[in-house]
Structures are given as structure tokens and as C-alpha cells.
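In the working numbering, the protein residues as written are 56 to 488.
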Ligand code: UDX
């Protein structure tokens with residue numbers, strides 16, 4: 056099938072190349088010439104394992120191309136909208152400017168029978184409003200939310216947990232076309248839910264709200280553990296054995312960040328308030344607050360280990376990305392803590408396997424170094440803030456002779472306290488004695 060994908064950021068670039076891999080003829084369209092040039096030469100403008108190989112393969116096969124020319128969407132039957140919906144600068148609500156611009160741009164190239172498929176995360180009610188413009192030219196709108204995780208984006212696109220199609224009641228044409236788009240996904244037995252626009256839009260934010268709540272729940276338990284001497288990681292293991300609860304997304308630590316969870320729960324609250332259902336989501340305000348408190352707690356723990364004074368202390372920060380296997384530092388707890396410590400007068404040396412460049416763009420004033428060893432040189436304390444595999448695997452002996460003081464703070468509960476303590480280090484973590 057001929058498919059266009061409008062917006063070639065994280066979501067769009069992965070979606071376009073995955074659809075090409077699934078056997079379709081795909082054109083990815085973006086207004087950013089630099090991004091288009093980069094993708095067209097098989098360079099992903101962000102770090103995502105497997106994506107460069109997928110781009111190279113599908114570009115070479117001739118089934119994928121990238122352009123800034125919107126008229127190239129003409130002739131495609133299905134048009135995916137995969138542009139960003141960031142948080143508005145002055146409120147919690149989502150900024151729909153890019154979605155609206157993408158629709159305005161595609162409408163002149165639609166032919167009757169085409170289906171425009173929204174993938175972006177939007178406030179409930181958006182599809183209903185946008186459909187009018189598309190239906191006016193004889194095309195259809197469907198909403199097909201995306202659940203991909205950074206670091207697993209290609210796998211999550213080709214083998215998702217489920218597909219959700221939000222369509223107008225009785226719109227079998229859009230369902231049939233989406234089934235054709237996802238034929239090889241459906242052939243794996245992956246479930247699909249066919250529903251209305253509002254439910255499809257809600258599925259996405261509800262899923263993210265649930266995940267954020269699960270993380271904040273265990274971080275709230277960490278707060279209680281801290282004042283009782285309990286160990287939140289053992290607590291998580293023990294409750295996680297209950298299959299109704301499950302152990303996944305119960306890792307206590309610095310909490311969630313990234314381009315989705317924080318903005319999506321805020322946008323969800325804002326939209327529910329507009330609709331008069333704000334009370335139903337008041338708890339998400341608490342979820343957000345618990346999450347942000349973890350960053351303060353990390354700074355406090357650092358101060359405590361430093362004997363009460365952060366100013367002038369040499370602090371090594373290992374990890375800046377919001378999670379491992381990503382170079383994304385949007386709303387990253389790790390980068391936030393590093394920046395707060397620097398603002399409080401610490402001599403911070405920060406490093407990350409992939410996220411130094413992205414961090415530098417956001418926080419140009421921080422001192423970045425290339426390796427954990429360099430960061431730890433003469434450090435009064437070492438902070439592990441993103442659980443990259445290589446930091447989890449560090450042996451205390453690698454840093455013993457490098458640091459000034461043997462003290463390590465585990466912001467992600469990813470190190471073995473026994474190993475570090477036996478090696479003579481002070482080990483402290485969030486939610487653990
Ligand atoms: C998330 C959703 O998982 C995905 O389905 C949606 O499409 C986009 O948002 P992503 O932002 O890539 O994906 O990250 P995710 O793996 O969900 O992690 C989010 C944050 O939560 C990270 O900062 C991570 O470190 C943190 N986290 C995750 C925890 O603190 N504890 C956990 O147990 C799990």
C-alpha cells in the first residue's frame with residue numbers, strides 16, 4: 056500500500072521505516088529539511104537502537120523515502136499524522152498547533168476514499184473536531200494511538216501489545232484499510248480494539264496515566280520506607296509476585312521523565328478539567344508531585360552524604376538521559392538533579408553514554424566529560440542517575456583509586472549495596488536503608 060507519514064520525529068521516523076519494513080511503499084514528510092536530509096541518508100537524528108539499520112535497509116530497498124514536499128502525499132491511500140503535541144508553555148494543556156498545521160497541509164492532497172490516521176497523543180475530543188475538515192473532501196479520519204517506548208520503538212511498532220482503531224461508527228472502509236496496513240502485525244495474533252474516537256484518544260492517555268501512577272505509587276512507598284528503615288526494592292519484589300499487581304514498572308528511584316509520561320498526565324488533567332471532570336483526575340496531580348519530590352530527595356541525600364554542604368563539593372553524575380538506551384533528556388530527572396546540584400554550587404562533572412549532546416543543548420552551563428572514570432576523578436560523591444547497563448556493571452575497584460571519597464548514591468536502585476559496602480564504600484539509595 057502507498058502510505059504517507061506526516062511528521063518524522065521520534066514517532067514518525069520509526070513508524071515510516073517500520074511500515075516500509077512491513078512491505079509498504081512509504082513517504083515520510085517533515086517541514087524540517089535538516090531532519091529529512093539526515094533520515095534520507097539513514098542517520099536517525101536521535102539515538103534509537105535498531106533504527107539506523109532499519110532506515111538503511113528500507114531506503115536501499117526503495118520502499119522508503121523522506122521529503123519536505125507535501126504534494127508527495129498525493130497518491131497515498133493512508134496518511135498518518137505523527138507530529139508532536141508538546142505541553143503548552145503557559146499551561147498544562149497540550150499544544151495542538153502541529154497537528155492542526157499538518158492537517159491543513161495534507162487536506163489539499165487528499166482524494167475521496169483516503170484515510171487520514173492520527174497517531175499523535177491528543178486531548179479527548181480532538182478527532183471529532185478535526186474530522187469535519189477531512190470529511191468535507193470525501194476522506195475519512197481514524198485515530199490509531201501509538202504506545203511505543205523509546206529504546207524499544209521499532210519492536211513496539213512491529214510487534215505492539217495491541218492495535219487500537221478509533222473510527223466513526225460504521226466506518227468499515229477505514230477499518231479495512233488499517234487492517235491492510237497492519238496485515239503482518241495482525242497475522243502475529245496481536246489483538247485489535249475497534250472503537251470510537253473518544254475511547255481511542257483516552258486509551259493512550261489512560262495507559263500513560265496508569266504507568267505514571269504505578270511508578271509514583273512505588274516512589275510513595277519509598278518515601279515511607281525512608282522514614283521506617285524498610286527496603287522499597289524488597290517491598291516491590293514481594294508485592295510484585297501478586298499477579299494482579301505485577302513487578303513491572305515498580306522500580307523506585309528518581310521517577311519518570313521523558314517526552315510522554317509527564318506531559319501526558321498534565322494534559323489529561325487539563326482536558327478533564329475543561330470537560331468538568333477535573334475531580335476524577337485530581338490524583339494525577341499527586342502522582343506528578345510524588346514524582347518531582349524524588350528529585351528534591353536526591354539532592355537532600357547528596358547534601359547529607361556530603362556532610363551538610365553541597366557548595367564546592369565535587370560531584371560525579373553518571374547518567375543524564377531520562378532512561379537507558381535513549382539520548383532523550385526531555386524532563387529528565389537525571390539532568391534536572393545534575394543541574395540543581397550545579398546551581399547549589401557543586402562542581403558537577405556529568406557523563407552519559409549517549410545523552411551528552413542533547414544535555415548540552417538544554418543545559419549548556421554544565422560540565423560534561425566523556426567517561427565515568429573522568430566524571431569520578433577526585434569526586435566527593437558519585438551519583439548514578441540513569442541505569443545504563445555499563446553503570447550497573449561498574450565494579451567498585453574501577454573507581455576506588457579515582458575518587459576522593461568512596462561514596463555512591465544509587466538514584467535508580469540498580470547497584471548491589473552489598474558489593475559496594477563490602478568494597479568500603481558508603482552506599483545510599485532512594486527508599487532503602
Ligand atoms: C512511555 C510509555 O511506556 C509508552 O507506552 C508511551 O507510548 C510513551 O511513554 P517512554 O517515555 O519511552 O514510554 O518511557 P518508559 O519506558 O515508559 O519510562 C518512562 C519513565 O519512567 C522513565 O524515566 C523511566 O526511568 C521511569 N520508570 C519506568 C521508573 O522510574 N520506574 C519504572 O519502574 C519504570
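Every residue gets a Cβ at the ideal spot worked out from N, C-alpha and C, and that includes glycine.
Following the DSSP letters along the chain, one finds residue 122 inside the beta strand (DSSP E) bounded by residues 119-122. By a beta-carbon distance limit of 8 angstroms, residue 132 contacts residue 170. Their separation comes to about 7 angstroms. The alpha carbon of residue 111 has as its nearest neighbour, out of 103, 125 and 96, the alpha carbon of 96.
Taking each of 254, 206, 214 and 207 in turn and checking the Cα distance to residue 199, the smallest one comes out for 254.
Remark: C-beta atoms of residue 77 and residue 58 do not approach each other more closely than 7 angstroms. Just so you know, the alpha carbons of residue 223 and residue 160 end up roughly 23 angstroms apart. Contact check for residue 379 against residue 481 fails: the beta carbons are separated by 7 angstroms or more.
Residues of the same chain with a CB within less than 8 angstroms of the CB of residue 430, apart from the 5 flanking positions on each side, are 371, 372, 373, 404, 405, 406, 424 and 437 in chain order. In the structure shown, the three-state DSSP call for residue 462 is strand. Secondary structure of residue 273 (DSSP, three-state): helix. Relative to the non-hydrogen atoms of ligand 1, the Cβ of residue 202 comes within a distance shorter than 6 angstroms of at least one. Cβ-Cβ distances below 7 angstroms link residue 141 to 150 and 318 in the same chain, with the five nearest sequence neighbours on each side left out; the list follows chain order. Listed in chain order, the beta strand (DSSP E) elements of length 3 or more contained wholly in the stretch 413-459 are 436-439. Of the residues assessed, residue 455 falls on the exposed side of the cut-off, its CB having fewer than 16 other CB atoms within 10 angstroms. Taking every protein chain shown into account, the CB of residue 181 has 16 or more other CB atoms within 10 angstroms, so this residue is buried. Taking the Cα positions, residue 376 is about 13 angstroms away from residue 444.
Taking C-beta atoms as the reference points, residue 309 and residue 295 fail to come closer than 7 angstroms. At a threshold of 6 angstroms, residue 147 does not count as near ligand 1, since its beta carbon sits no closer than that to any of the ligand's heavy atoms. Note that the C-beta distance between residue 158 and residue 185 is below 7 angstroms. Contact between residue 402 and residue 367 holds: CB atoms are separated by about 7 angstroms, below the 8 angstroms threshold. Taken in chain order, the unbroken stretches of beta strand (DSSP E) that lie wholly in the stretch 134-222 and span 3 residues or more are 170-173, 195-198 and 218-221.
For residue 325, same chain residues with a beta-carbon under 6 angstroms away, outside a window of 5 residues either side, are 147 and 148 in chain order.
Residue burial annotation: residue 355 is exposed, with fewer than 16 other C-beta atoms found within 10 angstroms of its C-beta. DSSP places residue 320 in the uninterrupted alpha helix (DSSP H) bounded by 316-329.
Between residue 288 and residue 307, the beta carbon gap of about 7 angstroms places them in contact (Cβ cut-off 8 angstroms). In the three-state reduction of the DSSP assignment, residue 484 falls in the strand class.
At a threshold of 6 angstroms, residue 270 counts as near ligand 1, since its beta carbon sits closer than that to one of the ligand's heavy atoms.
Sequence-distant partners of residue 391 (beyond 5 residues in either direction) whose C-beta falls short of 6 angstroms from its own C-beta, in its chain, are 350. Cβ contact annotation for residue 129 (same chain, cutoff 8 angstroms, sequence separation greater than five): 164 and 166, in chain order.
Not one heavy atom of ligand 1 lies closer than 6 angstroms to the C-beta of residue 470.
The residue from 397, 389, 396 and 434 with its alpha-carbon nearest to that of residue 413 is 389. DSSP places residue 81 in the strand class (E or B) of the three-state scheme.
Residue 488 sits exposed, since fewer than 16 C-beta atoms from the chains shown fall within 10 Å of its C-beta. Under a 10 Å Cβ-count criterion, residue 465 is classified as buried, with 16 or more other Cβ atoms of the shown protein chains found around its own Cβ.
Judged by beta-carbon spacing, residue 381 lies within the 7 angstroms limit of residue 206, meaning their Cβ atoms are closer than that value.
Per DSSP, the continuous alpha helix (DSSP H) segment holding residue 288 begins and ends at 287-295.
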